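>
2 protein chains.
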Amino acid sequence: MATSSAPGDRRAPIGVFDSGVGGLTVLRALREQLPAESLLYLGDTARLPYGTKSAGTVVRYAEQAARVLVERGVKLLVIACNTASAVALEHLSEVFWPLPVIGVVEPGAEAACAASRTGEILVIATEGTVRGGAYERAIQARRADARVVQTACPLFVALAEEGWVRGAIAEAIAHRYLDGVLRERPEADCLVLGCTHFPVLRAAISAAVGPRLTLVDSAETTARVVAAQLERRGLLHPDPAAGRCSFLATDAPARFARVGAVFTGEALAAELTAEAVELVDL
Amino acid sequence: MATSSAPGDRRAPIGVFDSGVGGLTVLRALREQLPAESLLYLGDTARLPYGTKSAGTVVRYAEQAARVLVERGVKLLVIACNTASAVALEHLSEVFWPLPVIGVVEPGAEAACAASRTGEILVIATEGTVRGGAYERAIQARRADARVVQTACPLFVALAEEGWVRGAIAEAIAHRYLDGVLRERPEADCLVLGCTHFPVLRAAISAAVGPRLTLVDSAETTARVVAAQLERRGLLHPDPAAGRCSFLATDAPARFARVGAVFTGEALAAELTAEAVELVDL
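Residue numbers (our numbering), protein chains in the order written: chain U, 1 to 282; chain E, 283 to 564.
What follows is the structure in structure tokens.
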């Protein structure tokens with residue numbers, strides 16, 4: 001399929017997309033690890049969330065979102081959404097070949113395998129990611145002895161979007177989702193934050209699960225994988241001062257900027273002005 | 283615009299649509315008040331929620347959803363979603379004229395004006411409904427002395443969808459949203475549940491706000507308006523035993539049926555088998 005991406009252009013931006021603001025946690029990690037790179041972020045806010053939708057619908061939405069970035073000439077594409085990574089990575093890699101496409105599930109699985117001693121790994125994610133079982137497969141491909149238990153925590157998404165990321169309510173919700181599985185799995189020593197919304201709730205989740213579990217999120221690991229890919233392909237930006245962030249949102253760009261500030265941290269919040277773009281439903 | 287609706291056919295079903303399952307609270311009230319009528323319900327689960335999206339997007343989605351029902355020959359259309367009622371009622375009435383189109387905001391405003399003695403009325407709703415200010419306008423059109431205070435409570439939607447409708451977490455969230463406005467508005471005596479998801483949280487909201495406020499939801503009033511319209515037009519179904527409910531969902535019909543059972547109550551839950559339909563994005 002013809003694309004206008006720029007897979008060989010070192011000065012082209014990295015494209016990053018998510019259903020909404022959650023992927024900004026990945027953008028933040030990319031910015032910290034690759035300050036020379038320009039980042040073009042798309043939030044598909046017209047159709048968020050992806051996490052409660054069927055695989056077929058998510059694949060279609062993800063392709064439409066990715067196409068906007070590809071048409072703007074990105075050199076690499078990051079699927080900064082666990083649900084879309086879980087169901088659409090292969091499809092997007094094929095459709096946009098030879099553009100490198102990187103999802104967040106494989107890096108998250110890598111980080112979990114490195115962090116766990118016992119091999120008993122808990123994954124919290126959206127309903128869509130849990131249903132697809134991608135984390136379980138990715139972890140067991142790396143570590144055949146691993147026992148993976150997945151729990152869908154859809155309320156965490158709404159909580160993060162509302163900015164209620166600390167305090168009694170967030171902790172009570174974390175307890176309700178996790179106390180049962182923690183009792184049932186006394187060997188578990190690692191908890192994967194398998195949704196890009198969840199890192200902003202890290203403190204509340206950590207307080208609820210206690211020190212026994214190492215919390216793993218895929219943002220940093222994904223940024224490391226992106227850095228390694230760019231280096232291997234000779235695609236690192238040559239100018240260390242060139243990094244810019246630009247934002248696109250498929251709906252309500254003002255809300256995107258307001259809610260997004262919770263996810264980017266202060267340093268990036270000032271740059272959060274989103275341009276509205278239309279997606280064509282295929 | 284050509285339609286295949288059946289505005290003059292007494293035996294045709296009533297069409298009801300919502301972004302997802304919330305409108306099932308309206309369906310339930312219709313079923314109770316109009317047991318002879320057949321109801322055809324569409325949940326636009328591929329694009330839910332509408333409440334965080336812009337007015338333009340909601341109008342477009344609402345027209346697409348309504349069109350599916352119109353093409354299946356409904357005799358009257360109910361917009362069982364406050365967000366869509368607030369921004370799309372006029373547009374849909376025009377596009378599908380002469381089909382009668384009834385939203386939930388006007389009936390809700392009517393019920394609030396009847397319930398309030400002091401004229402100080404609180405409205406809780408989604409971000410989209412609050413931003414549009416439709417409740418405030420509808421209430422003040424009926425009662426010029428009314429003082430309306432709106433509060434967006436987006437987490438209630440996720441809470442209702444998760445089925446966590448009672449208990450400490452639901453009440454804590456209700457307190458966090460409402461304690462401030464209750465202190466600031468000591469004269470308020472009426473709370474409008476301005477989102478069709480919220481009636482399932484009635485017990486928790488009621489516990490949080492105490493006996494001072496009368497809780498008003500638009501489901502029953504909407505059903506009464508529908509009954510009155512059908513009667514006035516000579517469109518009540520002639521056969522008292524004819525009522526059936528059928529369900530369409532634009533995505534994930536199994537999830538629709540599971541989550542929907544929270545909203546319909548037990549009597550209807552057994553009938554909740556949804557057929558998947560595709561929407562064409564205009």
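For each residue, glycine too, the CB sits at the ideal point set by N, CA and C. Keep in mind that this is a model prediction, so the values were computed, not measured.
Suppose you measure from the CA of Arg448(E) to the CA of Glu162(U); what does that come to, to the nearest Å?
So the two alpha carbons sit approximately 20 Å from each other.
> I'd like to know if the region 172-191 of chain U and the region 108-120 of chain U are in contact, where contact means that at least 3 CB-CB pairs between them fall below 8 Å.
Touching, per the Cβ criterion.
> If you measure between the beta carbons of Ile640(E) and Leu306(E), is that distance less than 8 Å?
Outside the modelled stretch of chain E, which goes from 283 to 564, sits residue 640(E), for which no answer is possible.
> Give me the Cα-Cα distance between Val627(E) and Arg67(U), rounded to the nearest whole angstrom.
Absent from the structure is residue 627(E), since the part of chain E shown begins at 283 and ends at 564.
> Leaving out five residues before and five after Pro334(U) in sequence, what residues of the same chain have Cβ atoms less than 7 Å from its Cβ?
In the structure displayed, chain U extends from 1 to 282; residue 334(U) sits before or after that span and is not available.
> Residues bridged to Arg147(U) by DSSP?
Bridge partners of Arg147(U): Glu120(U).
> What number of angstroms, rounded off, separates the C-alpha of Arg458(E) from the C-alpha of Pro107(U)?
Their Cα atoms are separated by approximately 37 Å.
> I need the straight-line Cα distance from Thr478(E) to Val360(E), nearest angstrom please.
Distance between the alpha carbons of Thr478(E) and Val360(E): 12 Å.
> In the DSSP assignment, find the beta strand (DSSP E) that holds Glu275(U) and state where it starts and stops.
Where Glu275(U) is concerned, the enclosing beta strand (DSSP E) stretches over 274-276.
> With DSSP as the reference, identify every bridge partner of Tyr41(U), one or two as the case may be.
Val16(U), Phe247(U), per the DSSP bridge assignment.
> Apart from the five residues on each side of it in sequence, which residues of its chain come closer than 6 Å, Cβ to Cβ, to Gly580(E)?
The first residue shown for chain E is 283 and the last is 564, placing residue 580(E) beyond what the model contains.
> Taking Ile455(E) as the query, report the chain U residues whose CB atoms sit under 7 Å from its CB, ordered along the chain.
Residues of chain U passing the Cβ test: Ile169.
> Roughly how many whole angstroms lie between the Cα atoms of Ser54(U) and Ala531(E)?
Taking the straight line joining both Cα atoms gives about 12 Å.
> In the DSSP assignment, the beta strand (DSSP E) including Asp179(U) goes from what residue to what residue?
Note, Asp179(U): premise wrong, no beta strand (DSSP E); alpha helix (DSSP H) at 168-184.
> Check the DSSP bridge columns for Thr577(E) and list the partner residues they point to.
Beyond the ends of chain E as shown, which are 283 and 564, falls residue 577(E); an answer cannot be given.
> Taking the alpha helix (DSSP H) that Leu374(E) belongs to, which residues open and close that run?
Note, Leu374(E): alpha helix (DSSP H), 364-377.
> For Ala434(E), does the count of other Cβ atoms within 10 angstroms reach 16, so buried, or fall short, so exposed?
Classification of Ala434(E): buried, given that the 10 Å Cβ count is 16 or more.
> Rounding to the nearest angstrom, what Cα-Cα distance links Trp379(E) and Thr334(E) in this structure?
Going by the C-alpha atoms only, they are around 28 Å apart.
> Tell me the residue span of the alpha helix (DSSP H) that contains Leu235(U).
Where Leu235(U) is concerned, there is no enclosing alpha helix (DSSP H), given that its DSSP letter is neither H nor E.
> Could you list which residues in chain C have their beta carbon closer than 8 Å to that of Lys53(U), in chain order?
Absent from the structure is chain C; the protein chains it does hold are U and E.
> In angstroms, rounded to a whole number, what distance separates the CA positions of Cys395(E) and Arg429(E)?
Those two C-alpha atoms are separated by around 11 Å.
> For Glu171(U), which residues in the same chain have their Cβ closer than 6 Å to its Cβ, ignoring the five residues on either side in sequence?
If we look at Glu171(U) and ignore the five residues flanking it on each side, its Cβ neighbours are Ala204, Ala207, Ala208.
> Using the Cα positions of Val87(U) and Gly410(E), report the straight-line distance between them to the nearest angstrom.
The alpha-carbon atoms of Val87(U) and Gly410(E) are separated by roughly 30 Å.
> Measure the C-alpha to C-alpha separation of Ile124(U) and Ser301(E) and round it to an integer number of angstroms.
Taking the straight line from one Cα to the other gives about 26 Å.
> For Gly234(U), count neighbouring C-beta atoms within 10 Å of its own C-beta (all shown protein chains included) and say buried if the count is 16 or more, exposed if not.
Looking at its Cβ environment, which holds fewer than 16 other Cβ atoms inside 10 Å, Gly234(U) is exposed.
> Since Val21(U) contacts Phe263(U) with CB under 8 Å, what's their CB separation in whole angstroms?
5 Å between Cβ atoms; contact.
> Can you tell me where the beta strand (DSSP E) with Thr214(U) in it begins and where it stops?
Start and end: 214-217.
> Quick one: which chain E residues come within Cβ less than 7 Å of Glu162(U)?
Within chain E, the residues near Glu162(U) are Pro436, Leu437.
> Among residues of its own chain, excluding the 5 on either side of Arg425(E), which ones have a beta-carbon nearer than 7 Å to its beta-carbon?
Within the same chain, Arg425(E) has close Cβ partners Cys395, Gly401.
> Of the residues Tyr61(U), Leu39(U), Pro154(U), Ala174(U), which one's Cα is nearest the Cα of Ala274(U)?
Of the listed residues, the one whose Cα sits closest to Ala274(U) is Leu39(U).
> Taking the straight line between their C-alpha atoms, what separation do you get for Val412(E) and Ala347(E)?
Cα to Cα, Val412(E) sits roughly 22 Å from Ala347(E).
> Which residues in chain E have a C-beta closer than 7 Å to the C-beta of Thr57(U)? List them in chain order.
Neighbours of Thr57(U) on chain E, chain order: Ala328, Asp533.
> Taking 8 Å as the CB-CB cut-off, is Leu530(E) touching chain U?
For Leu530(E), the answer is no, since every Cβ of chain U falls outside 8 Å of its Cβ.
> Just the C-alpha distance for Ala509(E) and Val356(E), rounded to the nearest angstrom, thanks.
Roughly 15 Å separates the two Cα atoms.
> Where does Gly8(U) land, buried or exposed, given buried means 16+ other C-beta within 10 angstroms?
Exposed.
> CB-CB under 6 Å to Asp535(E), same chain, minus the five flanking residues each way: which ones, in chain order?
Inspection of the sequence shows that residue 535(E) is occupied by Pro rather than by Asp. Ala556, Ala558.
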